[in-house]
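Going letter by letter, the sequence shown gives residues -8 to 522 in this note's numbering.
All C-beta atoms, glycine included, are put in the ideal place defined by N, C-alpha and C.
Below is one structure, written out as C-alpha cells, with a few remarks after it.
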Amino acid sequence: MITTSGMPGSGMSSGAPVDSVVTAATAVVTAEPDNLHALSIALLIGAAVLIVAIAAVKLSTRSGLPSLLIYLGIGLVLGNRGLGIDFSDEELTQVLGYAALVLILTEGGVTTKWDTIRGSLAPAAALATVGALVSILVVALAAHLVLQMPWTTALIIGAILASTDAAAVFAVLRKVPLPRHISGMLEAESGFNDAPVVIIVTALATGSAAGTGADSWWSLAVLITLELVVGSVVGLAVGWVGGRLMARVAGGSSALFAIGVVAVSVLAYAAADVVHASGFIACYLASLVLGNTGLPHRAAVSGFATALGWLAQIGLFVMLGLLADPAGFPQQVVPALVLGLVLLLLARPLSVLVSCTPFGIGWRTQGFLAWAGLRGAVPVVLATVPVTAGAEGVDGIFELVFVLVIMFTLVQAPTLPWVAHRLGLDRAHHTYDLALEATPFDDIGAHLLEVTVGPRSRLAGVQVYELRLPPGANVALVVREGASFVPKETTPLRRGDQLLVVTPAAVRSVVEKRLRDVSRQGRLAGWSTAD
C-alpha cells in the first residue's frame, strides 16, 4: 500500500517545514543590524511587487488574460536571469505553495454560494475524480508513446496536469456571462479536484523515489477514496462546529470574526492532514459550510477572505516565477506543445464527455467545459513534488509544466468569450439581459442589490410600482446617465439604468427572482400567480 506521509496536503507528518519556521523566527528575534537592514530591503521589494501586481489587475481585465501570467512574469524578471534574486529552493516552494493553495481554497469556499453549485455538484464531483483519472491516463499514454517517457514519469506528468486552477478559470470567467449551472460546475470542479490529484501525484512520486514503482490501481483507488471520505467528514464537521464557536466567541467584532473563520478553514486542513486524510478537500468543504450557514458579518468575512486569496495568488505566482529558470524553457517547448495539445484537444474533452454525459449535459455545455479547463498555479506547484521526493526521471519537469501553463493560458484565456458566444451560451444567459450584484448588511438584516438594466431587458418601460416587489423591498435610487435620483412609484425604467434596491435579507431571493422574471417576461410576469 502506498502511503502519502511526508508530503504536505496528503497526510504530511514531516518536521522539516516546522524547523525552518522556528529557525527563521529565531533569526528575526536575535537579528543584528545587518539582518534588520536585509529585512527592510525584503519589505521594500515585497511592497513594490504587491503594488505592481495590484496595478496589473487592470491590464489583466482589459486584455482578458489571467493576472497569473503577469505575476509569473514579475517573478521571472526578479529571478536569477533577471534582476538576480537567487531563489532555487523547491522544498520551500512546495510548502509555501501548499499554504497559498489553502488560502485560495478558503476564499473560494467562503465566497461560493450553495445555490450556485447545488445543481452542478454531482457532475462537478465526477469531473474532479473520474474526469481527472481519464485525463491522467490519456496524457500519460501520449507522453509514453510520443515522447518516449518511462511509464512512471508519464503518469506523474499526467497527474500533475490533471487539475484545473480556480484562480486561472475565474479570472477569465468574470468577463464571460454564463448560465449559473456552467459557472457553478467549473467553480465546484476547481475546488474539488485539487485533493485527488495531490494524492495521486504524491503517491506516484514517493513510489518512484523508493524504487518500488506505483502500487496496484485498486490499492491506490482505496487510498484516494479513504483520504477523500475522511477529509470530507473532517471538513464538514470542523466547518459546522467552528462556525458556531466563532459566532459565540467573536460574533461582536466583524474583524475578529473574519479572522476566526479563516482560522477554522486552516484548522480543517491541518486536522485532516494530521490524520493522513486530504487536507485540501477538508479546507474547501469547511469554507463552503462557513460561507453558507447564515453566519454574521458575511461582508467582512468575504472581504477578508478575498484579500487573503489575492495575496496568496500574487505571492504564489511571483514565487513560482522566481523558481523557474528561463534557460531551460527552449528545450521544453516541443514536449509542452505536444502534451498541451493532447490535454486540450483529447484528454480534457474526453474527460468531460465521460463525466458529464450520464447527467444529461448537452454538447454545447460540454464543449465549453472542455475548452475552459485552464491550468495555473496548481500544476506548477505539483511539479515540485516529484523533485522534492527524489523521483527518478523528472529532470526538467518543472520547466515543462511552467512552459505548458503559459503557452496554453495564452491560447485558451482570450478565446473563452468567443467560444461561449459561438456556442450560444452567452445569449442563453442574456435572454433577459440583467446584471445583479448584492451587498449584505448582516447587522441590520438587510441587503442592497445593484441592478443594471441591459439593452435587451424588458424592464425598460416598466414603472417602479409595476415591479410588485415584496413588502419591505424598495427601489431606493436610480442612476441614469450619470445623474442619480430617488424614483417615484410611477417612474418608468430605461435601458442602461442602474438601480439600488434595498430588501430585507429574508426576502432577497424573492426580490431577485421577481426582477429576473420581469426582465425576461415584462410587466405581466407572474400576473396569474401570487408573488
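- Distance from the CA atom of A404 to the CA atom of R366, rounded to whole angstroms, is 10 angstroms.
- For H438, the three-state secondary structure derived from DSSP is strand.
- Nearest to R449 by alpha-carbon distance, out of V252, Q322, L484 and A338, is L484.
- Inclusion of V392 and P377 in the CB contact set at 8 angstroms is not warranted, their separation being larger than that value.
- When DSSP states are grouped into helix, strand and coil, R471 belongs to the strand group.
- Three or more beta-carbon pairs separated by less than 8 angstroms link the segment 183 to 191 to the segment 123 to 133, which places the two stretches in contact.
- In the structure shown, the three-state DSSP call for T494 is strand.
- Assignment of F183 by DSSP, reduced to helix, strand and coil, places it in the helix class.
- Fewer than three Cβ pairs drawn from the segment 242 to 257 and the segment 57 to 69 lie within less than 8 angstroms of each other, which leaves the two stretches out of contact.
- By the criterion of at least three beta-carbon pairs nearer than 8 angstroms, the segment 96 to 110 is not in contact with the segment 320 to 338.
- Annotation: the segment 341 to 398 contains no complete segment of the beta strand (DSSP E) (minimum length 3 residues).
- Contact annotation: A374 and S269 have beta-carbon atoms that are not nearer than 8 angstroms.
- The straight-line gap separating the alpha-carbon atoms of G513 and A474 is approximately 25 angstroms.
- Look at the beta carbons and you see the segment 215 to 235 touching the segment 255 to 275: at least three pairs across the two are nearer than 8 angstroms.
- Taking each of T284, A361 and I215 in turn and checking the Cα distance to T406, the smallest one comes out for A361.
- The alpha-carbon of A437 is positioned some 26 angstroms away from that of R511.
- In this structure, the straight-line span from the alpha carbon of G445 to that of L490 is close to 12 angstroms.
- By the Cβ neighbour-count rule, R339 is buried, with 16 or more other Cβ atoms within 10 Å of its own.
- Taking a cut-off of 8 angstroms for Cβ pairs, the segment 261 to 268 and the segment 78 to 85 do not touch, as fewer than three such pairs fall below it.
- Looking at A315, M398, L515 and H172, the one whose alpha-carbon comes closest to that of R109 is H172.
- When the five nearest sequence neighbours on each side are left out, the beta carbons in the same chain lying within less than 6 angstroms of the beta carbon of A303 are those of A91, L94 and I95, in order along the chain.
- Spanning the alpha carbons of L217 and L227 requires a straight line of approximately 16 angstroms.
- Restricting attention to A33, V130, L60 and V43, the CA atom closest to the CA of L335 is found in V130.
- DSSP, reduced to helix, strand and coil, places Q454 within a strand of the structure shown.
- Secondary structure at P326: helix, using DSSP grouped into helix, strand and coil.
- DSSP places T297 in the helix class (H, G or I) of the three-state scheme.
- G282 and V229 have their C-alpha atoms some 13 angstroms from each other.
- Taking each of L337, P317 and Y62 in turn and checking the Cα distance to W301, the smallest one comes out for Y62.
- CA-CA distance, R505 to V455, rounds to 12 angstroms.
- In this structure, the CA atom of F78 is about 17 angstroms from the CA atom of L35.
- V492 places its beta carbon 8 angstroms or farther from that of V453.
- As a beta-bridge residue in DSSP terms, Q489 pairs with T443 and V470.
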